[in-house]
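Chains as they are written, first to last, in the numbering used here: chain V, 105 to 438; chain U, 105 to 438.
All C-beta atoms, glycine included, are put in the ideal place defined by N, C-alpha and C.
So the structure is just underneath, and the comments pick up after that.
2 protein chains.
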Amino acid sequence: MATLKQVAAHAEVSVQTVSNALNAPHRLRADTLERVNKSIELLNYRPNRNARSLRTSAVELIGYCVPNWPNQTHLVMDQFLHALCAAAERTGRHILLFTAPPGVDGMPTYDDLHARRLVDGFVLSQTETHDPRHGWLKEQGIPFVSFGRVWKQTTQPGPWVDVDGAAGSALAVRHLYETGRRRIAFLGWPKASGLAEDRAGGWRDECKRLGLPISGLSVRCREDSLDEGARVTAALLDAGREIDGIVALSDVLALGALRELTRRGLTAGHQVGVTGFDDSPLADVVSPGLTSLRQPMDEIAGELIKILTGAPDGTPTERLLQPELVIRGSSAPG
Amino acid sequence: MATLKQVAAHAEVSVQTVSNALNAPHRLRADTLERVNKSIELLNYRPNRNARSLRTSAVELIGYCVPNWPNQTHLVMDQFLHALCAAAERTGRHILLFTAPPGVDGMPTYDDLHARRLVDGFVLSQTETHDPRHGWLKEQGIPFVSFGRVWKQTTQPGPWVDVDGAAGSALAVRHLYETGRRRIAFLGWPKASGLAEDRAGGWRDECKRLGLPISGLSVRCREDSLDEGARVTAALLDAGREIDGIVALSDVLALGALRELTRRGLTAGHQVGVTGFDDSPLADVVSPGLTSLRQPMDEIAGELIKILTGAPDGTPTERLLQPELVIRGSSAPG
DNA sequence: CTGAAAGCGCTTACAG
DNA sequence: CTGAAAGCGCTTACAG
């Protein structure tokens, strides 16, 4: 491997000039620049990143904790990681993956990675209600940005990017309404998580706005599973709610609803319109396909990187992005 | 941040001694070691990784190209990444994620990451038939290990770890046989990929061994989609093949088969036993669940890291691991 | 516009 | 067992 010194010798300039050619080319006279660049190319020179990082104390690496929740598979993680990676690379940075215990037990790992200068900062995701990581990192002065809000806190520590769940539900309700549905149920999650409340609120408000009934049409599932989605759908139908639309809080729940409809000889997208959330690979697995709310991954990733790497310190930044309804057969006009 | 120098001053030893306390503690006298360690703890010292890497020219980072194939979602990628990360961390290393164009167009990216010392080497996955990356990397002398074989080459460049697809199919056939099935079909893939041939071969051989028919029972799908799995299953049934078992090359294809069976009023796991490959999250999405062949992710990851970081140069290493059959309702005794 | 010098924080032979 | 010195490959003020 060629070094800066060798390039300098070859181009008959000082190392400083070569460094400038790379990092501040405008400082060089045109002919010098050209000569240096020729030498760089000829020697196939690539700056050693470790030397640079040591000097500048910036590693241009962003830490991301790869989640491991067997009970809640992150079905769009590959999409998210690809988008995050691509966004980081657009600024000359990369993503460093690591594992850590959940919650506060994982903080020493975050701290260590930062202290040993393996990363400049972190992107947090899989945010939980009362997530302790944000406050901890902020207190330590470790740079981070969160994908997802920490709910149930008056003011969230640090910057975040999230997708507007309420607007998503409203979009789904409006779409079902426009395809002729008038009794639209909502399938929610177990305990009152912030995310669930957000999406439920959007359903409720939009139904009210459209003059649709909501009483008895919102149900909570015990867990995010297909079986629960099916069970709850069965309960709604058995109770004689006469529903003709279902907005489910997740694709998994929505698929459960579809299964129950099929089992009863009802055609999803015909008698009952169904929508899910996140536009996971599951949405394309059923037939007809599941209408679902897509998270704008590229935009999310772009904002995360921009905030983490660009925002001047102390500027709390918050970005709420809009989901997009991907329409498939499960919500075809009835 | 405390530096080595400050720790040395605090412990009243030379920097060299502190370095030894960290990297070769056996060289220190017990009391010196203890004194140094106390100072390290007191000053909350963490060695700067960039300085270390600059000196040793090892970054302890392993590159992994995050795939982006919308048409072939990597359904177990999160499992793989978690296992890979954990295995790397057990050796003090981490995973660096990056994106690159597919095929030979991506090689400059690999080269650049290595030349600029962002990574020591690479883990390749999503290996394709005739994958050009292996030969290229080997030629450049860039360390790598492949998860998955490059088929159609007499001798594959570089070390690899893979899962025995033939053994997997054989396991599935034997299981279906043991639950009473005697006419077991195989759902394969479009063109003759090495992976597809491998798995098809296992089905064929095991059927022959058990004295089961194979003629007309092996079909190729045009793509890895649910619809194709369903279409091909319908064709088999319409042709009066009287099948009572289906070994599918992927979970997606298997799910298609299940859908078609359900559509015809047949109960999977009752009249027809069905198995898939990879034990993706999809396997748990259907009801009854899909029996599928699980790849031993932790073992795969462990071997990959061991080969990449431990093998002395020039030792070509090849590891073929065994999949495990995860039995669910789709293959319950008929 | 260009260059000589110092220094980022470590590790590695080499002496003692 | 411990220490003084050199050096990994860059960048950053600072002079000229």
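How is the beta strand (DSSP E) around residue i delimited, first residue to last?
| i | result |
| --- | --- |
| V:L425 | E422 to L425 |
| V:H198 | H198 to F202 |
| U:T395 | T395 to R398 |
| U:G320 | Premise fails: U:G320 is in no beta strand (DSSP E) and is neither H nor E. |
| V:V249 | F248 to F251 |
Roughly how many angstroms lie between the CA atoms of residue i and residue j, to the nearest whole one?
| i | j | result |
| --- | --- | --- |
| V:R150 | U:A271 | 46 angstroms |
| U:S273 | U:P171 | 26 angstroms |
| V:E243 | V:V163 | 22 angstroms |
| V:R139 | V:A115 | 6 angstroms |
| U:R221 | U:R253 | 27 angstroms |
| U:D209 | U:R237 | 10 angstroms |
| V:E346 | U:I431 | 38 angstroms |
| U:A358 | U:V376 | 12 angstroms |
| V:I318 | V:G406 | 37 angstroms |
| U:T413 | U:G320 | 47 angstroms |
| U:T366 | U:S435 | 14 angstroms |
| V:L147 | V:T121 | 16 angstroms |
| U:H374 | U:L179 | 27 angstroms |
| V:N152 | U:T231 | 29 angstroms |
| U:L158 | U:R197 | 16 angstroms |
| V:V227 | U:N154 | 21 angstroms |
| V:F202 | V:T258 | 30 angstroms |
| U:S250 | V:A338 | 48 angstroms |
| U:L370 | U:T379 | 16 angstroms |
| V:R286 | V:S322 | 14 angstroms |
| U:I288 | V:A219 | 58 angstroms |
| U:T213 | V:I409 | 21 angstroms |
| V:A400 | V:L188 | The question names Ala, but residue 400 of chain V is Pro in the sequence shown. So the alpha carbons of these two residues sit roughly 12 angstroms apart. |
| U:L353 | V:L316 | 47 angstroms |
| U:D348 | U:G306 | 18 angstroms |
Identify, in the order they occur along the chain, each residue of the same chain with its Cβ nearer than 6 angstroms to the Cβ of residue i, setting aside the five sequence neighbours on each side.
| i | result |
| --- | --- |
| V:V119 | L108, K109 and A112 |
| V:Y281 | L314 |
| U:T383 | Checking the sequence shown, residue 383 of chain U turns out to be Asp, not Thr. These residues qualify, in order along the chain: S396, R398 and V430. |
| V:G433 | G373, P392 and G393 |
Under 8 angstroms Cβ to Cβ from residue i, same chain only, skipping five residues before and after it: list those, please.
| i | result |
| --- | --- |
| V:V223 | V163, L165, I166, G167, L200 and L217 |
| V:K256 | T233, H234 and G298 |
| U:K440 | Because chain U here runs from 105 to 438, residue 440 of chain U falls outside it and cannot be looked at. |
| U:P437 | T283 and G284 |
Identify, in the order they occur along the chain, each residue of the same chain with its Cβ nearer than 7 angstroms to the Cβ of residue i, setting aside the five sequence neighbours on each side.
| i | result |
| --- | --- |
| V:R324 | G292, W293 and P294 |
| V:D302 | G269 and A270 |
| V:R363 | L330 and A334 |
| U:R131 | N124 |
| V:K327 | In the sequence under discussion, the amino acid at residue 327 of chain V is Glu, which differs from the Lys named in the question. So the qualifying residues of the chain are P294. |
| V:R278 | E310 |
| U:G239 | P261 |
Per DSSP, what are the beta-bridge partners of residue i in this structure?
| i | result |
| --- | --- |
| U:Y168 | U:L201 and U:V227 |
| V:L429 | V:L397 |
| V:A372 | V:V376 |
Could you give the DSSP three-state label for residue i: helix, strand or coil?
| i | result |
| --- | --- |
| U:W264 | strand |
| U:E138 | helix |
| V:S123 | helix |
| V:V378 | strand |
| U:L291 | strand |
| U:L280 | helix |
| U:L330 | helix |
| U:E232 | coil |
| U:A271 | helix |
| U:G245 | coil |
| U:E116 | coil |
| V:S391 | coil |
| U:T107 | coil |
| V:L340 | helix |
| U:D383 | coil |
| U:L217 | helix |
What residue does the alpha helix (DSSP H) around residue i start on, and which one ends it?
| i | result |
| --- | --- |
| V:I404 | M401 to G414 |
| V:S354 | No alpha helix (DSSP H) contains V:S354, which DSSP labels as neither H nor E. |
| U:E193 | M181 to E193 |
| U:W255 | No alpha helix (DSSP H) holds U:W255; DSSP gives it neither H nor E. |
| U:R150 | That residue, U:R150, is in no alpha helix (DSSP H); it is neither H nor E in DSSP. |
| U:A162 | Segment: none, U:A162 is in no alpha helix (DSSP H) and carries neither H nor E. |
| V:G305 | G298 to L314 |
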